[in-house]
Amino acid sequence: MNHVHGPLCSIDLEDRTSSAEDVDDVLESFIGGRALGTKLAHDRIPFDADPLGADNRLYFATGPLQHSTMSFTGRMSATAVSPLTEGLLSSNAGGFLSRNFTGTGYSALEVTGASDELVIVHVTDESVEFEAVPELEEATVPETCEYIEDEHGLESEHTVVVGPAGENEVRFASIMTSEERAFGRGGLGAVLGSKNVKAITFDGDSTREVEIPPLQMEIHGEAAQSDHIMKRQGTSSMTEFANTVEALPTRYFSELSFEGAEGVSGDRVEEKKYKKGTCSACAFACKLPTRDEESGLETEGPEYETVMAFGPNSGVDDIVDVMQSNKLCDELGLDTISCGDTVAAYLASEAEFGNADLIHELVEKIAYREDVGDDLAEGVDRVHDDLGVENWSVKGLEFPAHDGRALNGQGLAFATSNRGADHMYAEFYPYEYPLVDSERAFEKEGLEDKPPKVVELENVNAIKDSAVLCKFSRDFVDEDRLSTLLDADYEELLEIGGRVVALERHFNNQRGFDREDDALPYELPDFDAALSEYYEVRGWNDDGTVADDQLSAAPADD
1135 MNHVHGPLCS
1145 IDLEDRTSSA
1155 EDVDDVLESF
1165 IGGRALGTKL
1175 AHDRIPFDAD
1185 PLGADNRLYF
1195 ATGPLQHSTM
1205 SFTGRMSATA
1215 VSPLTEGLLS
1225 SNAGGFLSRN
1235 FTGTGYSALE
1245 VTGASDELVI
1255 VHVTDESVEF
1265 EAVPELEEAT
1275 VPETCEYIED
1285 EHGLESEHTV
1295 VVGPAGENEV
1305 RFASIMTSEE
1315 RAFGRGGLGA
1325 VLGSKNVKAI
1335 TFDGDSTREV
1345 EIPPLQMEIH
1355 GEAAQSDHIM
1365 KRQGTSSMTE
1375 FANTVEALPT
1385 RYFSELSFEG
1395 AEGVSGDRVE
1405 EKKYKKGTCS
1415 ACAFACKLPT
1425 RDEESGLETE
1435 GPEYETVMAF
1445 GPNSGVDDIV
1455 DVMQSNKLCD
1465 ELGLDTISCG
1475 DTVAAYLASE
1485 AEFGNADLIH
1495 ELVEKIAYRE
1505 DVGDDLAEGV
1515 DRVHDDLGVE
1525 NWSVKGLEFP
1535 AHDGRALNGQ
1545 GLAFATSNRG
1555 ADHMYAEFYP
1565 YEYPLVDSER
1575 AFEKEGLEDK
1585 PPKVVELENV
1595 NAIKDSAVLC
1605 KFSRDFVDED
1615 RLSTLLDADY
1625 EELLEIGGRV
1635 VALERHFNNQ
1645 RGFDREDDAL
1655 PYELPDFDAA
1665 LSEYYEVRGW
1675 NDDGTVADDQ
1685 LSAAPADD
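Note that the sequence shown ends on residue 1692 in the working numbering; no numbers are left out.
Right, here's the structure in full:
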C-alpha cells in the first residue's frame, strides 16, 4: 500500500524545541493525511484536553499523492480537538502549501504546548526556528504574509497563518494558506492562536520518494481536457440548481428557496472571474479569482457554501456584497460557513435580513470580539438561546447548504458525521440531486437503503482525506483508480477508512459524545431506525459509542 514517508516533526512551543520521531509503523497502517493525524491525535491528546489549552495538539499531514504530479492533489490535512465542536476534527485545505511541506522531508508536524509570546515557527529540512513577532499582533492574513515574504523571502504558499480571529480565539477561526485557502471548519485557527503561533512556514528540498502508478498522468490529462462547468464557476454553479430543488437554506434556514438566487448565482460569479485559479499541480483549475470593476474589490470566490451563508441565508441577493463578506473572512481568518450562519442567526433575531453593511460590520466585530461580536464569536450552538433563534448546528458545527430536509440521506449524514454538520464528511448530496448517473442515484425523500451507503461514503472520504485527494476528483477517480493509485484493494481501503472514523468516534465518546449528539434540528422519516442501522453496519453499540475492542475491527461496509 502506498503511504507517505518521513519522520514526524514534533514542536514544543513552551520549551522552543523540536525533535524528529520515526512513525513508520503508523504510516504503514494509516497512509497519511487525515488518517495519520487522527491516529496520532487519538493516541497523544488527552481525552479531557481543553481545545484552547496547552494540552491540545495540532497535526499537519500530507499524503502519498502529494508526491505525484497528478491533478486534484494540491491539498493537505490538519487535525486537533475543535474549540467549536469539542470533538476531534480534521480539516483540509487546497492551494500550494502541501508540496512545500513535503520539501521539509517530514510526513507530519505536531504542534504541542503554548508559547509565552507571539511567534512564527520556521520549519525546513535543516532546522526548526522560532521568531518572536509581537509587532504582528492582530495583523491580517495579507499583512502577515507580506511580512514573511519581505523578511524571509517566502511567498504565501509556504505558510499557514492565523488572522485576528485566530488570535482572539474565535471558535470558528480558520488557518489560512496561500492567503485565500482555508483549513476552514471547526476553528483550528483558534487552536493555533491559543498557542500564540501567528504563522508556520515550510521550506526545503528533501521531498521523499513515493512511487505513484503511471495512471496519474492519465487522470491529469483528463482533468486538463475536461469541459466541466466547475472550471468556469467553481461550486457556485450549484446555487440555482439547489434553489430549484428547494435545498437552498434561506433566511436562517426558515425557507428552502430564495427569490434572489439569480443575483448570487454561478453566472454572476463567472461574470466577475478575471483569470484562472488552481491548486498545486492541478489542471482542473476550478478556483475563482474574482474582481468587481466598479468598486475594485478583488477576492477568490465565493464558492457555493459561502454564497449560501452570506447570500440566501442572510437574505442578500447581490454577488458583490457576498464577495466582500468572503474577502473579509479570508483577511481576518474566519470560516465562511460558520461565520455566515452565525451572522444570519443575528440577522434573524434583529429582523435585519439583507442588510449587507451590517453583515460586513458584524464580520469584523466577530474577528476582534468587539461588542456583540464577542458573543457571536462563540458560534450558533452557544449563542442561539441569547438570540432567541433555533440552534442550527450538529455537534456545535453550523450547517452548510444541501439542506437535509430536501435531501434526506444528506440529512442522515449530517447527523452521523463525527465533525458535525459537514457536507464533505460523507458527501451524500451528489447521489440525491442527483449529480451522478441514474444507476447510482437515490431518491431524495426517505432513508431506506441509505445508512450502508453513508457508511461507505464516510469510509472512502476518510481515505481520500488521507491520500490526500480533492473530493472534486469524483468524476475522474473511481474505486478502481483509487485502488490502483494507493496500491491496495478497495475493500482494504474501506476498512482503513472505517478505522479512522471509529478512532474519531471513540475519542469523542471519551469526551461525552453518544447517540444523543447524532441529532438534527428537524425531523426525518424513520430517522431513529436509520440511525440504529448505521450503528449496526459499523459494528458499534446502539448508543452511538465504540468500545475499545471495536477499534481494530471496524467493518468496511455491510
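Backbone N, C-alpha and C fix where the C-beta goes; we use that ideal spot for every residue, glycine too.
Computed from a predicted model, the values in this text were never measured in an experiment.
With fewer than 16 neighbouring CB atoms inside 10 Å of its own CB, residue 1430 falls in the exposed class. Using a Cβ-Cβ distance cut-off of 8 Å, the stretch 1176–1184 and the stretch 1595–1603 are not in contact, since fewer than three pairs of beta carbons, one from each stretch, lie closer than that value. For residue 1557, the enclosing alpha helix (DSSP H) covers residues 1557–1560.
Within a 10 Å sphere around the beta-carbon of residue 1151 sit fewer than 16 other beta-carbons, which makes this residue exposed. It is roughly 6 Å from the alpha-carbon of residue 1514 to the alpha-carbon of residue 1525.
With 16 or more other CB atoms across the displayed protein chains lying within 10 angstroms of its CB, residue 1455 is buried. A residue is called buried when at least 16 other Cβ atoms come within 10 angstroms of its Cβ; residue 1345 does not meet this threshold and is exposed. In this chain, the beta strand (DSSP E) harbouring residue 1423 covers 1423–1426. Annotated three-state conformation of residue 1416 is coil, per DSSP. For residue 1225 against residue 1319, the beta-carbon gap comes to about 5 Å, under 8 Å, which counts as contact. Restricting attention to beta strand (DSSP E) runs no shorter than 3 residues, the stretch 1170–1222 encloses them at 1192–1195 and 1210–1215, ordered along the chain.
If you look at residue 1540, you'll find it isn't in any beta strand (DSSP E); DSSP assigns it neither H nor E. Membership of residue 1246 in the beta strand (DSSP E) is indicated by the continuous run 1242–1246.
By a beta-carbon distance limit of 8 Å, residue 1467 contacts residue 1296. Their separation comes to about 5 Å. DSSP places residue 1255 within a strand segment (E or B) once states are collapsed to three. Put simply, of 1554, 1579, 1240 and 1228 the residue whose alpha carbon is nearest the alpha carbon of residue 1161 is 1240. Using a C-beta cut-off of 8 Å, the stretch 1604–1613 makes no contact with the stretch 1573–1590, since fewer than three inter-stretch Cβ pairs fall below that distance. Put simply, the backbone Cα of residue 1313 is about 10 Å away from that of residue 1433. Within the same chain, and ignoring the five residues on either side of residue 1591 in sequence, the residues whose Cβ sits closer than 7 Å to its Cβ are 1560, 1561 and 1562.
Inside the stretch 1652–1688, DSSP marks whole alpha helix (DSSP H) runs of 4 or more residues at positions 1661–1672, from first to last along the chain.
In chain order, 1282, 1335 and 1337 place their CB closer than 8 Å to the CB of residue 1288, counting only its own chain and leaving out the 5 sequence neighbours on each side. In this structure, DSSP gives residue 1266 an extended state, which the three-state scheme calls strand.
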